[in-house]
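S.K.:
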Amino acid sequence: MRKIYTKIESINGSVISVLAKGISYREIAEVETRFGKTLAEVIRIKDDKVLLQVFMGGRGVSTGDKVRFLGRGVQVSFSDGLIGRIFDGSGNPRDNGPPLDENMMEVVNPPVNPVKRVIPTNMIQTGIPMIDVFNTLVESQKLPIFSISGEPYNELLARIALQAQVDVIILGGIGIKYDDYLFLREELDEGGALPRSICFIHTASDPIVEGLVVPDMCLAVAERFALQGKRILVLLTDMTNFADKLKEIAITQEQVPSNRGYPGDLYSQLAARYERAVDFEGAGSVTILGVTTMPGDDVTHPVPDNTGYITEGQYYLKNGRIEPFGSLSRLKQMVNKDTRDDHRDIMDGMIQLYANYKSSTEKRSMGFKMSSWDKKLIRYGELFEERLMSLTVNLPLIDALGVGWEILADCFEKEEVGMRSSLIKKYWPKKST
Amino acid sequence: MTKGTVRGINGNLIQTQVKGVVSLNEVAYVKSGSFSLKTEVIRISGDQAEMQVFENTGGVKVGDAVEFSGELLSVELGPGLLGSICDGLQAPLTVIAEDSGFFLPRGIERDSLSRDKKWEVSPNVEIGDVLEGGDTIATVPEGLFNHRIMVPFNLSGKIKSVKPSGTYTIDEVIAELVDDSGTVHPLRLFFKWPVKRPIMIAEERVRPTEPLVTKVRIIDSFLPIARGGTYCIPGPFGAGKTVLQHITSRNADVDIVVIAACGERAGEVVEVLREFPEIIDPKTGKSLMERTVIVCNTSSMPVAAREASVYTGVTIAEYYRQMGLNVLLLADSTSRWAQAMREMSGRLEEIPGEESFPAYLESVIAAFYERAGVIRLKDGRTGSVTIGGTVSPAGGNFEEPVTQATLKVVGAFHGLSRARAEARRYPSIDPLESWSRYPSFIDQDTRDILHQYTIRGNEVLEMMKVVGEEGTTIEDYLYYLKSEFLDAVFFQQNAYDPVDQSVSKERQRHVLQIITAILQGDMDLQEKEEARKVFNRLRQLFLDYNSSEWKSASFKKQEELVKNLLDEIRREG
Numbered sequence: 232m233r234k235i236y237t238k239i240e241s242i243n244g245s246v247i248s249v250l251a252k253g254i255s256y257r258e259i260a261e262v263e264t265r266f267g268k269t270l271a272e273v274i275r276i277k278d279d280k281v282l283l284q285v286f287m288g289g290r291g292v293s294t295g296d297k298v299r300f301l302g303r304g305v306q307v308s309f310s311d312g313l314i315g316r317i318f319d320g321s322g323n324p325r326d327n328g329p330p331l332d333e334n335m336m337e338v339v340n341p342p343v344n345p346v347k348r349v350i351p352t353n354m355i356q357t358g359i360p361m362i363d364v365f366n367t368l369v370e371s372q373k374l375p376i377f378s379i380s381g382e383p384y385n386e387l388l389a390r391i392a393l394q395a396q397v398d399v400i401i402l403g404g405i406g407i408k409y410d411d412y413l414f415l416r417e418e419l420d421e422g423g424a425l426p427r428s429i430c431f432i433h434t435a436s437d438p439i440v441e442g443l444v445v446p447d448m449c450l451a452v453a454e455r456f457a458l459q460g461k462r463i464l465v466l467l468t469d470m471t472n473f474a475d476k477l478k479e480i481a482i483t484q485e486q487v488p489s490n491r492g493y494p495g496d497l498y499s500q501l502a503a504r505y506e507r508a509v510d511f512e513g514a515g516s517v518t519i520l521g522v523t524t525m526p527g528d529d530v531t532h533p534v535p536d537n538t539g540y541i542t543e544g545q546y547y548l549k550n551g552r553i554e555p556f557g558s559l560s561r562l563k564q565m566v567n568k569d570t571r572d573d574h575r576d577i578m579d580g581m582i583q584l585y586a587n588y589k590s591s592t593e594k595r596s597m598g599f600k601m602s603s604w605d606k607k608l609i610r611y612g613e614l615f616e617e618r619l620m621s622l623t624v625n626l627p628l629i630d631a632l633g634v635g636w637e638i639l640a641d642c643f644e645k646e647e648v649g650m651r652s653s654l655i656k657k658y659w660p661k662k663s664t
Numbered sequence: 004m005t006k007g008t009v010r011g012i013n014g015n016l017i018q019t020q021v022k023g024v025v026s027l028n029e030v031a032y033v034k035s036g037s038f039s040l041k042t043e044v045i046r047i048s049g050d051q052a053e054m055q056v057f058e059n060t061g062g063v064k065v066g067d068a069v070e071f072s073g074e075l076l077s078v079e080l081g082p083g084l085l086g087s088i089c090d091g092l093q094a095p096l097t098v099i100a101e102d103s104g105f106f107l108p109r110g111i112e113r114d115s116l117s118r119d120k121k122w123e124v125s126p127n128v129e130i131g132d133v134l135e136g137g138d139t140i141a142t143v144p145e146g147l148f149n150h151r152i153m154v155p156f157n158l159s160g161k162i163k164s165v166k167p168s169g170t171y172t173i174d175e176v177i178a179e180l181v182d183d184s185g186t187v188h189p190l191r192l193f194f195k196w197p198v199k200r201p202i203m204i205a206e207e208r209v210r211p212t213e214p215l216v217t218k219v220r221i222i223d224s225f226l227p228i229a230r231g232g233t234y235c236i237p238g239p240f241g242a243g244k245t246v247l248q249h250i251t252s253r254n255a256d257v258d259i260v261v262i263a264a265c266g267e268r269a270g271e272v273v274e275v276l277r278e279f280p281e282i283i284d285p286k287t288g289k290s291l292m293e294r295t296v297i298v299c300n301t302s303s304m305p306v307a308a309r310e311a312s313v314y315t316g317v318t319i320a321e322y323y324r325q326m327g328l329n330v331l332l333l334a335d336s337t338s339r340w341a342q343a344m345r346e347m348s349g350r351l352e353e354i355p356g357e358e359s360f361p362a363y364l365e366s367v368i369a370a371f372y373e374r375a376g377v378i379r380l381k382d383g384r385t386g387s388v389t390i391g392g393t394v395s396p397a398g399g400n401f402e403e404p405v406t407q408a409t410l411k412v413v414g415a416f417h418g419l420s421r422a423r424a425e426a427r428r429y430p431s432i433d434p435l436e437s438w439s440r441y442p443s444f445i446d447q448d449t450r451d452i453l454h455q456y457t458i459r460g461n462e463v464l465e466m467m468k469v470v471g472e473e474g475t476t477i478e479d480y481l482y483y484l485k486s487e488f489l490d491a492v493f494f495q496q497n498a499y500d501p502v503d504q505s506v507s508k509e510r511q512r513h514v515l516q517i518i519t520a521i522l523q524g525d526m527d528l529q530e531k532e533e534a535r536k537v538f539n540r541l542r543q544l545f546l547d548y549n550s551s552e553w554k555s556a557s558f559k560k561q562e563e564l565v566k567n568l569l570d571e572i573r574r575e576g
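So the protein lines, in turn, are chains A and B.
Heads up: take any position in the first sequence, counting from 1, add 231, and you land on our numbering.
Heads up: take any position in the second sequence, counting from 1, add 3, and you land on our numbering.
1) Using a Cβ-Cβ cut-off of less than 7 Å, list which residues of the region 342-355 of chain B approach chain A; keep chain order.
2) The alpha helix (DSSP H) spanning Trp196 of chain B covers which residue range?
3) Are there three or more Cβ pairs, one per stretch, closer than 8 Å when the region 547-561 of chain A is compared with the region 595-613 of chain A?
4) If we require 4 or more residues per run, which alpha helix (DSSP H) segments fall completely within the region 484-522 of chain A?
5) Thr295 of chain B versus chain A: which residues are under 8 Å apart at the beta carbon?
6) Starting from Ala94 of chain B, find everything on chain A with Cβ-Cβ shorter than 7 Å and list it in chain order.
7) Using a Cβ-Cβ cut-off of 8 Å, state whether Asn549 of chain B counts as contacting chain A.
8) Can you find at least 3 beta carbon pairs, one from the region 129-148 of chain B and one from the region 104-115 of chain B, that sit closer than 8 Å?
9) For Trp553 of chain B, is the classification buried or exposed, using 16 other Cβ atoms within 10 angstroms of its Cβ as the cut-off for buried?
10) Between the Cα of Ile376 of chain A and the Cα atoms of A:Val364, A:Pro330, A:Asp469, which residue gives the shortest distance?
11) Give a yes or no on whether the C-beta atoms belonging to Thr245 of chain B and Glu271 of chain B are separated by under 8 Å.
12) Please list, in chain order, all residues of the same chain as Asp332 of chain A whose beta carbon is under 7 Å from its beta carbon, the five residues on each side excluded.
13) How close, in whole Å, do the beta carbons of Asp50 of chain B and Gln20 of chain B come, if the pair is a contact with beta carbons under 8 Å?
14) Let's test the definition: count the other Cβ atoms within 10 Å of the Cβ of Ile258 of chain B and tell me whether it reaches 16, buried, or not, exposed.
15) Would you call Met4 of chain B buried or exposed, if buried means 16 or more other Cβ atoms sit within 10 Å of its Cβ?
16) Quick one: complete alpha helix (DSSP H) runs, 4+ long, within the region 261-301 of chain B?
17) Would you tell me roughly how many angstroms separate the C-alpha atoms of Ile359 of chain A and Gly515 of chain A, rounded to the nearest one?
18) Can you name the residues of chain A whose CB is closer than 7 Å to the CB of Glu60 of chain B?
19) With a 10 Å radius around its C-beta and 16 neighbouring C-beta atoms as the bar for buried, classify Pro627 of chain A as buried or exposed.
20) If you run the structure through DSSP and keep just helix, strand and coil, what is Gln578 of chain B?
21) For the alpha helix (DSSP H) holding Arg113 of chain B, just list the boundary residues, first then last.
22) Among the candidates B:Ile202, B:Val78, B:Arg421, B:Val565, whose CA atom is the shortest distance from the CA of Ile521 of chain B?
23) If you scan the region 523-560 of chain B from start to end, which runs of the alpha helix (DSSP H) of 4 or more residues do you find wholly inside it?
24) From the beta carbon of Tyr499 of chain B, is the nearest beta carbon of chain A less than 8 Å away?
25) Got a sec: which bits of the region 273-290 of chain A sit with their beta carbon under 8 Å from any beta carbon on chain B, in order along the chain?
26) Taking the C-alpha atoms as reference points, what is the distance between Phe473 of chain A and Arg294 of chain B?
27) The beta strand (DSSP E) spanning Pro360 of chain A covers which residue range?
28) Within its chain, find whatever has a CB closer than 6 Å to the CB of Asp398 of chain A; leave out the 5 residues flanking it on each side and keep chain order.
29) When the Cβ atoms of the region 477-491 of chain A are set against those of the region 320-340 of chain A, are three or more pairs found closer than 8 Å?
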């Protein structure tokens with residue numbers, strides 16, 4: 232029988248302290264409050280004084296509440312029975328299914344040994360040309376979707392979840408609106424993706440600290456499935472909430488903030504999650520797509536900034552479409568050499584021309600005369616936006632490449648597009664009269 | 004041995020009550036359950052020592068025993084380093100993978116260098132020889148090189164005994180040295196050296212002037228780096244820092260490349276790890292891995308070891324320099340290392356400096372880059388360590404402490420620009436903002452011409468944004484087209500084209516002659532529309548020229564086509 236402590240020394244925000252002996256760092260305790268039981272994690276020990284982070288938050292905790300240490304870290308159940316289920320941030324069912332408590336495992340694992348990783352070689356087709364052609368998603372990649380609040384990022388996530396060719400989808404919600412949760416659930420359900428999905432959903436109305444555990448739970452489960460040889464896609468929304476919760480906690484602990492109030496270890500904290508994306512040698516893979524909402528569309532804000540340095544590129548969602556500027560898939564080179572020989576040239580060539588289109592529209596908006604070249608560019612840019620960039624477009628990769636050539640041939644002469652002559656010879660569409 | 008007990012735990016910082024003598028930067032082990040966690044002492048006050056832990060501290064309890072080793076944080080230096088991959092504390096990752104599988108469990112200690120492998124040793128000293136630290140006592144063939152077994156750098160004395168030639172493991176004593184006080188030191192094929200103490204045993208330090216060829220045009224011809232010099236690559240995320248480092252690590256004209264992947268993605272290390280053994284180095288005919296050492300502490304590995312990883316990397320580089328070799332150390336990214344210092348400084352509750360980085364940030368960065376350099380050894384040979392560090396400035400803004408502290412101490416600055424990266428102009432080194440203080444194999448006059456056209460072209464571009472194309476004279480417009488042409492066919496380079504990805508010194512010289520002729524050529528072009536068309540054609544021809552094999556038939560043909568076009572538009576007498 233574990234000892235029960237009945238005296239809480241201090242309560243500050245969501246952090247309480249207890250005098251106790253023989254307690255391990257990062258151990259979990261159960262706190263019995265008048266509002267029911269909640270979990271708490273040991274975050275600092277100094278001699279006999281143990282500081283705990285209460286998952287429910289400090290509100291309603293009294294100095295006379297009972298604290299019982301459990302002698303273990305945060306855990307989650309693991310079995311095939313998880314598939315098709317929806318849980319909250321503590322791992323309790325949110326659907327009508329039974330609670331799962333067999334085969335419990337710690338959510339924090341040691342890092343993967345780099346020598347046991349392999350170079351990813353499989354592309355994940357999504358049917359979205361701005362992803363498949365221009366910024367290919369690759370198995371084991373970690374990519375954020377940079378988005379302003381109000382952009383349809385959850386719609387995009389849902390669409391990727393429905394169309395992505397993977398074995399299991401794990402959806403993690405951190406501090407999302409209840410409505411968004413309902414939306415995502417409905418989309419997955421109607422699209423028929425729910426039977427291959429696992430959801431860990433923490434909504435904005437749930438206890439704050441629980442949200443911090445969601446990415447770890449999702450990734451611990453994903454890792455285990457991947458070791459069984461499955462290909463897993465983890466979708467996290469929204470990682471900015473995750474970072475904000477870290478900030479909140481750091482400030483209540485009186486840590487020296489580094490940048491706009493965020494703790495100095497923000498990079499390490501985010502990296503510890505994103506780096507769990509992996510392609511195991513001789514087993515499956517974990518791919519991570521996480522939404523990062525950018526306060527004020529500012530990519531230099533600490534959260535998108537630190538995220539950008541960790542992840543292998545990003546999708547930049549703006550005006551309802553994935554912008555070619557600011558979007559990048561670092562791993563696309565791994566796969567786009569094997570799709571079709573014109574893939575890379577179309578990808579770079581069309582974007583370079585699109586950049587020129589942007590400067591032409593700038594010139595136009597300042598009232599300058601449009602040269603014939605500018606006019607060509609503007610026609611090109613508009614066609615590009617309509618036929619490839621719009622999120623409503625749904626095309627397999629090869630068809631999308633064909634559309635690319637059609638647009639080029641429609642707007643330019645062969646030597647104006649800056650591509651290798653051999654490719655132009657092979658793919659330039661014959662002008663239909 | 005000094006012992007202690009854990010009194011407090013805060014993240015990866017542990018407070019210990021110590022019984023006995025303890026020194027700063029000493030290594031200590033926390034015995035927690037079945038684990039033994041490696042730590043380094045970073046602050047001492049009274050009988051309290053504070054230590055940073057190189058592992059996850061989950062599960063550590065107040066009252067756990069601590070054992071102090073009496074040694075500073077060190078690496079093992081000896082044959083077997085080349086081609087190896089280790090973490091920031093030199094734990095051999097391949098060996099750990101064989102024992103532990105997919106994950107890196109805590110508290111695993113393995114010998115950094117294999118104790119079983121036998122080496123062919125030829126001693127070249129005799130009994131009675133008087134030797135100093137760094138003097139060679141034997142040679143061992145290690146891959147491409149003759150690895151010199153040296154007297155540990157802090158010892159000197161007289162040889163008392165020496166073994167005959169033969170095969171030995173690194174743990175076997177091959178000679179004995181008696182120092183002035185009469186103490187006998189057994190000499191093995193390896194010794195340990197503290198990572199934070201620079202190795203510098205030389206007749207003199209020489210100024211770095213010899214260009215280090217990377218086969219990246221914009222670097223070699225325009226913003227060169229020198230053997231033994233230092234350079235930094237700051238850039239926002241996605242600008243291609245790591246790709247540039249990779250290309251450099253493949254093509255750089257040095258003997259050995261040490262890659263210190265510090266707090267970055269594991270995927271990038273994997274690329275090196277999986278690709279390098281397959282790539283044959285044209286210079287040596289052997290796989291690239293044989294000249295590469297990888298020290299990696301990726302971002303999910305424990306933070307404290309991140310700081311150690313750059314020191315581990317530079318110590319290995321310095322060790323090979325003492326053998327008269329040219330070594331390139333690529334540190335990616337120094338910002339992660341600075342952040343690791345910041346995290347620890349915060350936990351120690353030190354007064355923060357700018358952006359909460361510790362006040363000693365600048366001096367630590369300066370001391371690190373100072374470990375680069377060219378040295379002349381006793382026997383007249385020279386060796387060099389070149390350091391290239393990437394910097395990941397917050398928000399891509401170079402006005403931040405790490406970038407600024409680095410710029411003060413490096414000899415070349417390759418600033419990557421987000422605008423160039425977004426326009427897919429790779430490598431995205433900004434030719435306007437970047438600089439280099441080193442000489443190139445391209446003469447200064449030519450470099451000045453390139454510089455002049457780049458600046459002038461940009462001025463015209465800025466002007467056109469205000470007055471429009473129609474308000475620009477044809478002369479100015481030609482400046483603009485020429486600078487764009489220079490950018491497209493010379494500064495930009497296609498990393499995925501088998502030919503264009505690495506361009507030899509000779510070819511760079513050759514191509515630049517044609518390009519400067521075009522830049523300075525008088526062209527018979529009156530209309531902007533026509534000029535633009537001509538330059539589009541010229542660019543197209545040149546791109547095909549760039550991707551044809553040096554001196555092949557198609558190379559000559561393309562050159563011919565370029566020249567014909569130039570003749571067409573040359574202004575007559």
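Backbone N, C-alpha and C define an ideal beta-carbon position, used for all residues, glycine too.
M.R.: The structure says:
1) Gln342, Arg345, Glu346, Gly349, Pro355
2) Taken as a continuous stretch (DSSP letters only), Trp196 of chain B belongs to no alpha helix (DSSP H), being part of the beta strand (DSSP E) at 194-197.
3) no
4) 497-505
5) Ordered by position in chain A, no residue passes the 8 Å Cβ test against Thr295 of chain B, which lies about 14 Å from the chain.
6) Correct list: empty, because the minimum Cβ distance to chain A is about 10 Å.
7) no
8) no
9) exposed
10) A:Asp469
11) yes
12) Ser308
13) 6 Å
14) One point to set straight first is that residue 258 of chain B is Asp, not Ile, in the sequence displayed. Answer is buried; the Cβ neighbour count reaches 16.
15) exposed
16) 269-278
17) 24 Å
18) Checking the sequence, you will find Thr at residue 60 of chain B rather than Glu. Residues of chain A passing the Cβ test: Tyr256.
19) exposed
20) With chain B covering only 4 through 576, there is no way to say anything about residue 578 of chain B.
21) Arg113 of chain B -> no alpha helix (DSSP H), and no H or E assigned at all.
22) B:Val565
23) 531-549
24) yes
25) Arg275, Ile276, Lys277, Asp278, Asp279
26) 43 Å
27) From DSSP, Pro360 of chain A is part of no beta strand (DSSP E) but of the alpha helix (DSSP H) over 360-363.
28) Lys461, Arg462
29) no
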